[in-house]
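If you count by full-length UniProt numbering, then the sequence shown holds residues 1 to 206, one letter each, in order. Ideal placement from N, C-alpha and C gives every residue a C-beta, glycine not left out.
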Amino acid sequence: MANGNRQMLSYVASSETYVGRIKHTWNGGRGSTSNLDPPVDGLQCLHRVQPDFLTSNTDTNPARRYHRCPHRNTHDAELPPFQKACFLKLKNQKNLLEEQLKCKDIVEKQLNEKLQIKKNKLQQLKKKIEELERKNHDQNKRIEELEWKNHDKNKEIEELERKNHQQNKKLNFERKFAMVLLLCVFLAMFKEVCYDATVMVALVLL
Numbered sequence: 001m002a003n004g005n006r007q008m009l010s011y012v013a014s015s016e017t018y019v020g021r022i023k024h025t026w027n028g029g030r031g032s033t034s035n036l037d038p039p040v041d042g043l044q045c046l047h048r049v050q051p052d053f054l055t056s057n058t059d060t061n062p063a064r065r066y067h068r069c070p071h072r073n074t075h076d077a078e079l080p081p082f083q084k085a086c087f088l089k090l091k092n093q094k095n096l097l098e099e100q101l102k103c104k105d106i107v108e109k110q111l112n113e114k115l116q117i118k119k120n121k122l123q124q125l126k127k128k129i130e131e132l133e134r135k136n137h138d139q140n141k142r143i144e145e146l147e148w149k150n151h152d153k154n155k156e157i158e159e160l161e162r163k164n165h166q167q168n169k170k171l172n173f174e175r176k177f178a179m180v181l182l183l184c185v186f187l188a189m190f191k192e193v194c195y196d197a198t199v200m201v202a203l204v205l206l
């Protein structure tokens with residue numbers, strides 16, 4: 001486009017004045033151009049007329065300003081009204097399909113983002129579940145260790161109770177033996193006293 005402008009345009013004079021002329025051309029809806037900026041005074045094309053100063057609004061070349069000769073040469077004759085209407089209809093359908101495809105791509109991108117968010121949340125939940133399972137496993141191991149310790153303590157208590165029972169039996173036996181021994185000593189002493197008393201009574205009687 002720039003090379004074509006250099007070939008078609010000759011700079012006769014340049015000044016700082018602008019002509020406030022606005023012109024719009026339609027290019028099928030999606031690709032439209034408009035000379036939103038005023039043209040440069042003194043700039044002429046090969047037809048010795050002031051070219052249009054346009055700003056591109058097309059998707060392929062947006063917001064780019066350029067000059068265009070008003071006398072555009074066309075290769076083919078203008079289409080009949082019916083063919084022109086069919087062509088514009090097909091072009092509109094094409095543009096609509098492209099817009100729908102863009103919307104579909106946007107929706108697909110949003111769905112992929114949501115899916116990725118769901119996957120991340122699922123991964124976080126899996127990590128939390130694994131962490132809870134690990135803690136639960138550690139707690140179960142701790143409980144088993146405490147149960148084993150409690151079992152050992154119970155065995156120690158049973159052993160102490162058995163020893164205490166044996167000790168009590170031994171003490172009871174020793175206590176009973178001591179009582180019997182004391183009783184025997186008392187009876188022996190009582191018997192000796194009685195014998196001495198009998199002898200003394202016999203001596204007195206004689």
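In summary, LEU146 is exposed, with fewer than 16 beta-carbon neighbours lying within 10 Å of its beta-carbon over all protein chains present. Here ASP52 is buried. Its C-beta has 16 or more other C-beta atoms within 10 Å. Per DSSP, the unbroken beta strand (DSSP E) holding THR55 starts and ends at 52-57. A distance below 8 Å between beta-carbons, with the five flanking residues on each side excluded, links ALA63 to the following residues of its chain, in chain order: THR55, SER56 and ASN57. For HIS67, the three-state secondary structure derived from DSSP is strand. Counting only residues of its own chain and dropping the five nearest sequence neighbours on each side, GLU133 has no CB closer than 6 Å to any other CB. DSSP places PRO80 outside both helix and strand once states are collapsed to three, so it counts as coil.
The beta carbons of HIS47 and HIS71 sit about 5 Å from each other, so the pair counts as a contact at 8 Å. A straight-line Cα-Cα distance of about 26 Å links LEU125 and VAL107. Across the structure, ASN140 and ASN172 are spaced so that their CA atoms are roughly 47 Å apart.
Here LEU46 carries a coil assignment [DSSP, helix/strand/coil].
A direct Cα-Cα distance of roughly 18 Å separates VAL180 from ASN168. Each of GLY42, GLU98 and GLN110 was checked against the Cα of ASP59, and the nearest Cα belongs to GLU98.
Taken in chain order, the whole beta strand (DSSP E) runs of length 3 or more contained in the region 153-194 number zero. Between LEU79 and PHE87, the C-beta spacing is below 8 Å. Rounded to the nearest whole angstrom, the CA to CA distance from HIS165 to ILE129 is 53 Å. Distance from the CA of LEU111 to the CA of GLN83, rounded to the nearest whole angstrom, comes to 41 Å.
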